[in-house]
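The structure is reproduced here in structure tokens:
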């Protein structure tokens, strides 16, 4: 088992997994506490439209996915403030529209491209050096933004109207958070895939919420659980020859289940 | 006559193109303790949101400390403390009492800057004013409704405001603690030289604390001393107060002879 760590593709897979797991956990804290899970799902699925367009045009798929995901996130944000249509309906509309566009773009693509499955469900073993650099670069930017606006994000997540009344520019914070969610999800697509990305935003945080009432501890525990799930899930997928992204998500879910049971036992 | 700190002139305001209040004219003086009453949907919360600068009128002029509140600078904003119903906030959120109060300082601290000892000291002092300093490290969700409201009041006091706005602050607070709560507000008003505006359905309770009352039901139907207003059955009906409680209100507030023997 240990000998596989000598392989470059395994080292890249683990590094990318740990970094993107950390990023997803940190952003996931805000997504879960601010009850934005459906927005996260909508943004993740909209990235598919970007990936498909990138494959059709022979362009950088990561960049195309970021642009698509970000544009949809901004439209969701603007529509939420300006439209009479309910937020969840809007998300559903954008979600379906961009997925459908993605299917149409795939249909236009004369060249068969097996990458599509990898983007949808993740392919951690196919992570390249440039993918690792991309994930690390995105992580630095996202974590720097979280650090700089830590207090503002906390207040916004806890009491948005109270934050606005106190003088915090909550519109800026909201749209910044949507941007961070978009780039985080795109950074993680290669690892867990579009379909499962939102699961990785939610599950480690939900597990950590069973263990603490303290915000900073929640961040740390979410990251730890995310990293454990990623590494354990990767090992299981390698040993049992299973789809990596799905195995990581199943592992995270089993950890959540176990912690739920333990939490119930200790609460009694 | 005290300084006029809030002026409404011919104000209309509402949501989604529909006005909830119209032709509102009134003034609030420094050190007033104003109770705003009225039926549900009558525009009470809209008035508070206009004063806090959270929304703009569709017509007319709103001045708070001489300026339109939606154009306030950060320093101006700190002159107002706004306390909403604690039931509107998800208190299962993983924050402590101290962290909740510290949030009141985040806008003045600014992005990228850490919370310093002096900020924590200010937060502790604000909690002491509301009798909650012993709960600083307690999770906000572990408190009772009344305790949570005291924490949110402490958060609104941390910038030493001049005006305190409260929107139905005793929702979720049991009756036993409501009287103590109103006494706390009066003590804060005197001790901190505050002007207080409060929306409340508990007219029976607040009658003895307030020095002015406004009845809002799309328009301001009455605005003035509570004794004359609350002893008039017709006014009470417009304001959504059951006239059969007029006797209790007058007796509780000590307003002259009661109507029903």
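Residue numbers (the working numbering), protein chains in the order written: chain A, 1 to 268; chain B, 1001 to 1261.
By construction, the Cβ of each residue, glycine as well, lies at the ideal position given by its N, Cα and C atoms.
A quick note: this is a predicted structure, and the numbers were derived from the prediction, not measured.
**Asked** To the nearest whole angstrom, what separates the beta carbons of residue 148 of chain A and residue 1111 of chain B, a pair I think is in contact under 8 Å?
**Response** 5 Å
**Request:** Give the C-beta separation of residue 1036 of chain B and residue 1030 of chain B to the nearest angstrom, bearing in mind that I take them to be a contact with Cβ-Cβ under 8 Å.
**Result:** Not a contact, Cβ separation roughly 17 Å.
**Request:** Return the residue from the list B:1222, B:1106, B:1210 that minimises the CA-CA distance to residue 1187 of chain B.
**Result:** B:1210
**Item:** Contact list for the region 153 to 179 of chain A against chain B, Cβ threshold 8 Å
**Value:** The residues in question are 154, 155, 157, 158, 159, 161, 162, 163, 164, 165, 166, 167, 168.
**Message:** Under 7 Å: does the beta carbon of residue 1208 of chain B sit that close to some heavy atom of the ligand ZN?
**Reply:** No copy of the ligand ZN appears in this structure; indeed no ligand is present at all.
**Message:** Just to make sure I have the definition right: I need the residues of chain B whose C-beta is within less than 9 Å of the C-beta of residue 215 of chain A. Which are they?
**Reply:** 1093, 1094, 1095, 1096, 1099
**Message:** Cβ closer than 9 Å: which chain B residues qualify as neighbours of residue 212 of chain A?
**Reply:** Within chain B, the residues near residue 212 of chain A are 1094.
**Request:** With a 10 Å radius around its C-beta and 16 neighbouring C-beta atoms as the bar for buried, classify residue 267 of chain A as buried or exposed.
**Result:** exposed
**Request:** Could you work out which residues of chain A lie near residue 1074 of chain B, taking near to mean beta carbons separated by less than 8 Å?
**Result:** 167
**Item:** Members of the region 130 to 150 of chain A that neighbour chain B once the beta carbon cut-off is set at 7 Å
**Value:** 148, 149
**Message:** Which residues of the region 1105 to 1132 of chain B have a Cβ closer than 7 Å to any Cβ of chain A? Give them in chain order.
**Reply:** 1106, 1107, 1109, 1111, 1112
**Request:** Please state whether DSSP places residue 168 of chain A in a helix, a strand or coil.
**Result:** coil
**Request:** Would you kindly work out how many angstroms separate the C-alpha atoms of residue 1011 of chain B and residue 1197 of chain B, rounded to a whole number?
**Result:** 18 Å
**Message:** Is there a Cβ of chain A sitting closer than 8 Å to that of residue 1198 of chain B, yes or no?
**Reply:** no
**Asked** Quick one, are the C-beta atoms of residue 152 of chain A and residue 1082 of chain B less than 8 Å apart?
**Response** no
**Request:** Can you have a look at residue 1092 of chain B and say buried or exposed, based on whether 16 or more other CB atoms are within 10 angstroms of its CB?
**Result:** exposed
**Request:** Give the straight-line distance between the Cα atoms of residue 131 of chain A and residue 248 of chain A, rounded to the nearest whole angstrom.
**Result:** 19 Å
**Contact list for residue 1013 of chain B against chain A, beta-carbon separation under 8 Å** = Simply none; closest approach about 16 Å.
**Prompt:** Which class does residue 1019 of chain B belong to by DSSP, given the choice of helix, strand or coil?
**Reply:** strand
**Asked** Can you name the residues of chain A whose CB is closer than 9 Å to the CB of residue 1054 of chain B?
**Response** One finds 161, 164, 165 in chain A with Cβ atoms closer than 9 Å to the Cβ of residue 1054 of chain B, taken in chain order.
**Message:** Which same chain residues end up closer than 8 Å to residue 1050 of chain B when comparing Cβ atoms and leaving out the 5 residues on each side of it in sequence?
**Reply:** 1008, 1011, 1013, 1056, 1057, 1062, 1069
**Asked** What's the C-alpha gap between residue 1259 of chain B and residue 1216 of chain B?
**Response** Low confidence applies here, because residue 1259 of chain B scores a pLDDT of 34, under 50, leaving its location unreliable; read the following figure in that light. So the alpha carbons of these two residues sit roughly 24 Å apart.
**Item:** Distance between residue 170 of chain A and residue 160 of chain A (C-alpha atoms, nearest Å)
**Value:** 7 Å
**Item:** CA nearest to the CA of residue 1200 of chain B, picked from B:1193, B:1213, B:1135, B:1026
**Value:** B:1213
**Helix, strand or coil at residue 1198 of chain B [DSSP, three-state]** = strand
**Message:** For chain A, check one thing: does any of its Cβ atoms lie closer than 8 Å to the Cβ of residue 1150 of chain B?
**Reply:** Chain A contact via Cβ: absent.
**Request:** Give me the Cβ distance between residue 56 of chain A and residue 109 of chain A, rounded to the nearest whole Å; I'm assuming they're in contact under 8 Å.
**Result:** 5 Å
**Prompt:** Name the chain B residues whose beta carbon is nearer than 9 Å to that of residue 33 of chain A?
**Reply:** Result: 1090, 1093, 1094.
**Prompt:** Span of the alpha helix (DSSP H) holding residue 147 of chain A?
**Reply:** Start and end: 129 to 148.
**Request:** Report yes if the C-beta distance between residue 65 of chain A and residue 54 of chain A is below 8 Å; otherwise report no.
**Result:** Going by C-beta atoms, residue 65 of chain A is nearer than 8 Å to residue 54 of chain A.
**Contacts around residue 1119 of chain B, its chain only, beta-carbon distance under 8 Å, and the 5 residues preceding and following it disregarded** = 1102, 1105, 1109
**Asked** residue 1090 of chain B to residue 1059 of chain B, Cα distance in whole Å?
**Response** The C-alpha of residue 1059 of chain B is placed about 34 Å away from the C-alpha of residue 1090 of chain B.
**Message:** For residue 1261 of chain B, count the other beta carbons within 10 Å of its own beta carbon; 16 or more makes it buried, fewer makes it exposed. Which is it?
**Reply:** Any reading at residue 1261 of chain B must be qualified, since the residue scores a pLDDT of 34, below 50, and its modelled position is unreliable; no value is offered.
**Message:** Can you tell me whether residue 1222 of chain B is helix, strand or coil according to DSSP?
**Reply:** strand
**is_contact[residue 1218 of chain B, chain A] using C-beta, thresh 8 Å** = Judged by the 8 Å Cβ criterion, residue 1218 of chain B is not in contact with chain A.
**Asked** Are the C-beta of residue 1079 of chain B and some C-beta of chain D separated by less than 8 Å?
**Response** Note that chain D does not occur in the displayed structure, where the protein chains are A and B.
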